[in-house]
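Engineer:
There are 2 protein chains.
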Amino acid sequence: MNQTTLLPAYALPVEFVASLRDLLGERLSTNTAIREHHGRDESIFPAMPPDAVAFARSTDEVQAIVRLCRDHRIPLVPYGAGSSLEGNTLAAKGGLTLNLQQMNGVLAIHDQDQTATVQPGVTRKALNALLRDTGLFFPVDPGADATIGGMCATRASGTNAVRYGTMRENVINLTVVTADGEIIKTARRAKKSAAGYDLTRLFVGSEGTLGVVVEATVKLYPLPESIMAAVCAFSDIESAVQAVVQTIQMGVPIARVEFVNSVAIQALNLYSKTGLPEQPHLFFEFHGSQAGVKEQVELVQDICRDGGGAQFQWASSPEERSKLWEARHNVYFAVLQLRPGSRSVVTDVCVPISRLAECVGETTSDLQQSGMLAPIVGHVGDGNFHVQMLVDGANQAEIDQAEHLNARLVARALAMDGTCTGEHGIGLHKQGFLLDELGSASVNLMRQIKHAMDPHNLMNPGKIFTF
Amino acid sequence: MNQTTLLPAYALPVEFVASLRDLLGERLSTNTAIREHHGRDESIFPAMPPDAVAFARSTDEVQAIVRLCRDHRIPLVPYGAGSSLEGNTLAAKGGLTLNLQQMNGVLAIHDQDQTATVQPGVTRKALNALLRDTGLFFPVDPGADATIGGMCATRASGTNAVRYGTMRENVINLTVVTADGEIIKTARRAKKSAAGYDLTRLFVGSEGTLGVVVEATVKLYPLPESIMAAVCAFSDIESAVQAVVQTIQMGVPIARVEFVNSVAIQALNLYSKTGLPEQPHLFFEFHGSQAGVKEQVELVQDICRDGGGAQFQWASSPEERSKLWEARHNVYFAVLQLRPGSRSVVTDVCVPISRLAECVGETTSDLQQSGMLAPIVGHVGDGNFHVQMLVDGANQAEIDQAEHLNARLVARALAMDGTCTGEHGIGLHKQGFLLDELGSASVNLMRQIKHAMDPHNLMNPGKIFTF
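So the protein sequences, as listed, match chains A and H.
Just so you know, we're using the numbering used here here: the first sequence kicks off at 314 and counts up by one.
Just so you know, we're using the numbering used here here: the second sequence kicks off at 314 and counts up by one.
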């Protein structure tokens with residue numbers, strides 16, 4: 314198939330393009346490959362490329378672009394690293410994609426206040442690299458090296474959320490260009506405030522449908538005095554998950570606790586040479602003072618031993634620790650190698666922790682019965698886990714089967730008072746599930762807010778819910 | 314002055330009253346004393362009584378009341394304990410006040426998940442009394458024994474927020490009757506979710522202007538294995554505040570750290586017989602394992618000693634601890650006794666902690682120069698502190714002077730990138746300051762949301778911003 318035939322038939326007005334060209338010069342692209350690239354994320358959706366891609370370098374440029382889009386009624390899709398998983402950044406209605414990667418300045422680090430103010434294109438790894446000498450770190454770590462702006466948009470989370478929270482808890486304020494082209498600040502830099510509606514939290518998780526984040530102030534944390542990491546094998550899933558449930562219920566301030574099922578372990582062994590037994594595992598990390606970590610470790614070791622877990626295997630040096638978590642973060646790519654040429658249908662749910670073992674257990678049975686290669690990994694300390702179903706992207710029956718399994722998983726999570734997505738967002742993929750989860754009155758309320766703030770439906774249109 | 318002359322001249326339509334009477338019987342009141350009572354909070358504002366007060370007992374009743382108000386275009390003010398400080402619950406436009414105190418059921422305690430689902434009229438103390446045998450507690454503790462519904466409305470906070478967060482972090486989901494009479498759920502009971510706009514956080518802090526909270530699911534925490542509390546006297550304010558700043562910057566997971574200045578100590582000595590030296594003090598509480606608490610205590614003692622603090626005075630038994638924190642929570646009433654018959658103009662600001670010492674220092678000088686009796690206390694671990702200015706309520710010049718000092722304090726906090734209110738909300742009192750803090754574009758965005766969700770301006774009208 315010729316790539317250009319994939320492009321939807323939206324044409325941009327000549328005047329609009331001319332104005333953008335005046336503003337951006339070479340940083341406005343209508344190149345097919347670039348449009349294609351911006352029309353994909355890590356989801357199974359076919360490419361939905363924009364008609365053009367703008368690369369902004371400043372808040373003023375973003376404001377000018379938003380105003381041009383508003384005046385010409387052109388859809389605008391803010392774009393970070395393109396690592397979203399539910400079609401969140403696809404140009405479903407064509408228009409302009411606004412690539413923010415070049416807005417990658419760290420504007421301020423207030424080490425005494427433990428905050429950093431960054432532009433949206435800074436990635437989480439770049440921020441942490443810059444923080445290296447401050448004794449501070451930024452904890453939120455989705456699998457990909459996502460941008461802070463994108464992480465705000467999807468309310469991202471990751472392995473550290475069990476201790477440090479998600480983007481919901483870690484954004485102090487945002488500067489946003491709203492749909493009508495105003496530059497607003499959602500809050501000051503105080504740690505807490507009771508000053509009016511929580512605009513910060515309204516934009517966090519809004520997936521670019523209400524405005525473009527142009528600056529974010531996020532929380533930083535002191536690097537712990539002591540860090541220890543270990544893996545522990547279990548004979549069965551239930552025991553592994555129950556060990557997590559007990560750890561959380563006892564109030565252990567664990568920094569990371571990740572479940573990796575035996576299929577995912579197999580993939581890691583192949584991809585990252587981890588050499589682990591092909592059994593369900595927990596990956597742990599403990600942060601604190603030396604005495605505090607020792608205490609946590611003893612408690613969790615006891616819990617695991619009582620639950621039939623094997624001996625802890627320690628990653629004691631910083632290098633071994635990095636390798637361990639690098640491996641964990643690479644699960645997505647490692648798993649893809651289990652079936653070369655395959656694509657992933659990825660999903661995540663989150664349930665109250667009292668229902669976690671049951672939810673993971675039933676899901677495992679369901680996947681096993683389906684015969685599909687579909688590893689489970691997850692941030693189980695939060696009740697959150699992911700299924701990555703490997704399909705032949707050209708085989709619609711397989712995709713349908715994966716979607717069917719996904720629907721059953723979501724229904725199971727909702728029946729347990731859980732959510733259809735713990736951290737990936739709704740995007741294009743989970744709009745029906747959002748309705749199942751909250752009901753039409755709640756989604757209508759979201760719609761009312763969208764109508765009020767973006768009456769022409771120009772900001773990332775078609776995402777989260779139909780307009 | 315005859316009390317009835319204080320009532321504004323809003324008349325309720327006969328049909329509306331008849332329908333409410335059918336619904337509520339004796340639980341609809343137009344009694345002058347009851348209206349007066351509901352027209353006051355702890356602020357300096359003159360009473361603004363509603364035309365009638367409804368006492369609801371169920372979500373269905375709340376829905377019916379909201380629909381009647383909508384159909385008849387009657388303002389509706391949700392009301393909990395009436396302990397707000399910025400005029401948040403005054404019936405500024407008359408109409409109906411909806412007292413939710415009788416909706417005081419604890420609907421579910423999920424001890425394994427560490428959540429409780431409660432009706433809005435449950436007070437924080439009642440919830441904790443009920444939790445006594447579960448090994449769990451609910452940490453958010455504004456000074457008053459506020460209702461959970463009211464605490465949601467003002468995004469309440471308190472002495473434990475430095476460790477456990479505010480209502481922003483501690484509400485998992487809400488059930489709300491919206492302005493158009495729909496019953497919506499803002500989220501499921503999962504610990505985290507990326508499913509659409511964060512409606513929970515939109516209602517938390519909206520001061521009843523967007524709907525009526527009829528159920529809230531909140532986070533609970535395991536009672537720590539070990540708790541220790543102490544007070545420490547300092548020779549000057551700067552040293553006390555700097556000790557806090559250092560404690561936070563070192564990442565000590567302190568549970569409470571309260572600043573109480575010498576005037577407030579004087580009041581406490583008189584009211585609670587605390588017998589403390591009349592100097593600036595810090596009140597500490599440490600939570601953790603026995604070893605963890607010991608470690609925290611040693612670290613913080615060192616910090617205080619290096620900063621010129623006196624020996625820690627320990628409140629070691631649970632009774633002594635209760636007495637200490639009871640005294641701290643009674644500061645408001647204790648201070649009022651310093652000038653019998655006086656009223657308080659209370660204000661709170663919150664600044665980045667790097668600016669805290671400077672902000673408290675300058676504020677102290679300003680207050681001293683004014684000659685006004687105005688103790689400072691605060692949740693300084695969050696950068697948050699309160700000033701309680703004692704005035705003769707009949708002396709307009711004194712009230713004006715207090716307002717002038719308040720305006721200077723807010724301007725000082727804003728200049729330090731802080732907020733005009735850390736935890737009391739905007740209410741009637743701080744609307745101008747909200748504009749100073751966020752600018753008109755941000756406040757307009759709040760207004761757009763209000764217009765979309767409550768087009769007839771019936772939900773607690775006149776609060777946070779002008780419609």
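All C-beta atoms in this analysis are idealised placements derived from N, C-alpha and C, irrespective of residue type, glycine included.
Owing to the predicted nature of the structure, the values given are computational and were not obtained by experimental measurement.
Using 9 Å as the limit for Cβ to Cβ distance, is E736/A near chain H?
Structural biologist: Interface residue, yes.
Engineer: Return the chain-ordered list of same chain residues with a C-beta closer than 8 Å to the C-beta of V565/A, the five sequence neighbours on each side being excluded.
Structural biologist: These residues qualify, in order along the chain: Q609, L612, V613.
Engineer: Indicate whether at least one CB of chain A lies closer than 9 Å to the CB of Q701/H.
Structural biologist: Chain A, which has no Cβ nearer than 9 Å to the Cβ of Q701/H, makes this no.
Engineer: So is Y534/H in contact with chain A if we call contact Cβ pairs under 9 Å?
Structural biologist: It does: the Cβ of Y534/H has a partner Cβ on chain A nearer than 9 Å.
Engineer: Between E339/H, L333/H, F368/H, which lies nearest to H351/H when the distance is taken from Cα to Cα?
Structural biologist: Checked all of E339/H, L333/H, F368/H; the closest Cα to H351/H is F368/H.
Engineer: List the whole-angstrom C-beta distance separating T499/A from V489/A, where the pair is believed to meet the contact cut-off of C-beta under 8 Å.
Structural biologist: Contact holds; Cβ gap of about 7 Å.
Engineer: Would you call the CB atoms of K636/H and T732/A closer than 9 Å?
Structural biologist: No. Outside cutoff.
Engineer: On the three-pair Cβ rule with 8 Å, is the region 377 to 389 of chain H touching the region 750 to 762 of chain H?
Structural biologist: The region 377 to 389 of chain H is not in contact with the region 750 to 762 of chain H.
Engineer: Closer than 7 Å, Cβ to any Cβ of chain H: which residues of the region 457 to 474 of chain A, in chain order?
Structural biologist: Result list: T467, R468, S470, A474.
Engineer: Is it buried or exposed, R668/H, if we count other Cβ atoms within 10 angstroms and call 16 or more buried?
Structural biologist: R668/H should be labelled buried.
Engineer: For a contact defined as C-beta to C-beta under 7 Å, what are the partners of V517/A on chain H?
Structural biologist: By Cβ distance, chain H contributes D511.
Engineer: Would T318/A pass as an interface residue toward chain H - the criterion being a Cβ-Cβ separation below 9 Å?
Structural biologist: Residue placement at T318/A is poorly supported in this model, since its pLDDT is 41, which falls under 50; the coordinates still yield a value, given next. Chain H, which has no Cβ nearer than 9 Å to the Cβ of T318/A, makes this no.
Engineer: In chain H, which residues lie less than 7 Å from N697/A when you measure between Cβ atoms?
Structural biologist: K505, listed in chain order.
Engineer: Given that a residue counts as buried once 16 or more other Cβ atoms are within 10 Å of its Cβ, and exposed if not, what is G745/H?
Structural biologist: With fewer than 16 other Cβ atoms within 10 Å, it is exposed.
Engineer: Quick check: the region 396 to 408 of chain H against the region 354 to 369 of chain H, are at least 3 beta-carbon pairs closer than 8 Å?
Structural biologist: Yes, the region 354 to 369 of chain H is in contact with the region 396 to 408 of chain H.
Engineer: What span of residues does the alpha helix (DSSP H) with E632/A cover, start to end?
Structural biologist: E632/A -> alpha helix (DSSP H) spans 631 to 642.
Engineer: Taking its Cβ as the centre, do 16 or more other Cβ atoms sit within 10 Å of T343/A, making it buried, or is it exposed?
Structural biologist: Burial call: exposed.
Engineer: Here's the rule: buried if 16 or more other CB atoms are within 10 angstroms of the residue's CB, otherwise exposed. What is M563/H?
Structural biologist: So M563/H counts as exposed.
Engineer: In chain order, what residues of the same chain lie with their CB nearer than 8 Å to the CB of I712/H, ignoring the 5 residues before and after it?
Structural biologist: Hits under 8 Å: I357, V658, V704, G706.
Engineer: Are the CB atoms of I550/A and A568/A within a distance shorter than 9 Å?
Structural biologist: No, Cβ-Cβ distance for A568/A and I550/A is not below 9 Å.
Engineer: Report the residue from C672/A, E598/A, S519/A, V484/A whose alpha carbon sits nearest the alpha carbon of G740/A.
Structural biologist: That would be S519/A, whose Cα lies nearest to the Cα of G740/A.
Engineer: Is it right to say N773/A is buried, meaning 16 or more other beta carbons lie within 10 angstroms of its own, or is it exposed?
Structural biologist: That one is buried.
Engineer: Could you tell me how far apart the beta carbons of V375/A and N412/A are, in whole angstroms, since I believe they sit closer than 8 Å?
Structural biologist: So it is not a contact: roughly 11 Å between Cβ atoms.
Engineer: Would M563/A count as contacting chain H if we go by Cβ distances under 9 Å?
Structural biologist: Yes, its Cβ sits closer than 9 Å to a Cβ of chain H.
Engineer: Roughly how many whole angstroms lie between the Cα atoms of N315/A and P362/A?
Structural biologist: With a pLDDT of only 37 at N315/A, under the threshold of 50, the placement of this residue in the model should not be trusted, and no figure is reported.
Engineer: Suppose you measure from the CA of H692/A to the CA of G407/H; what does that come to, to the nearest Å?
Structural biologist: Going from the Cα of H692/A to the Cα of G407/H covers about 50 Å.
Engineer: Alpha carbon to alpha carbon, what distance is there between F597/H and V544/H?
Structural biologist: Taking the straight line joining both Cα atoms gives about 6 Å.
Engineer: Taking DSSP's pairing of strands, which residues face H350/H in a bridge?
Structural biologist: Partner(s): none; H350/H has no beta bridge.
Engineer: In whole angstroms, give me the CA-to-CA distance for A394/H and F599/H.
Structural biologist: If I take the Cα positions, the gap works out to 30 Å.
Engineer: Please compile the residues from chain A whose C-beta is within a distance smaller than 8 Å of the C-beta of T499/H.
Structural biologist: By Cβ distance, chain A contributes L751, S755.
Engineer: Just curious, the alpha helix (DSSP H) that I689/A is in, first and last residue?
Structural biologist: Element bounds for I689/A: not the alpha helix (DSSP H) but the beta strand (DSSP E), 689 to 691.
Engineer: Quick one: is G781/A near chain H, going by C-beta distance under 9 Å?
Structural biologist: This structure leaves residue 781/A out entirely; chain A is present only between 314 and 780.
Engineer: Just to confirm the assignment, what range does the alpha helix (DSSP H) spanning D730/A have?
Structural biologist: Note, D730/A: premise wrong, no alpha helix (DSSP H); not H, not E.
Engineer: What number of angstroms, rounded off, separates the C-alpha of T372/H from the C-alpha of L336/H?
Structural biologist: Distance between the alpha carbons of T372/H and L336/H is about 13 Å.
Engineer: Compare the C-beta of P433/H with all C-beta atoms of chain A and state if any pair is closer than 9 Å.
Structural biologist: No, P433/H lies away from the interface with chain A (no Cβ there is under 9 Å from its Cβ).
Engineer: My understanding is that A529/H touches V431/H, with C-beta atoms under 8 Å, so please give their C-beta distance in whole angstroms.
Structural biologist: Rounded, the Cβ-Cβ distance is 6 Å, consistent with contact.
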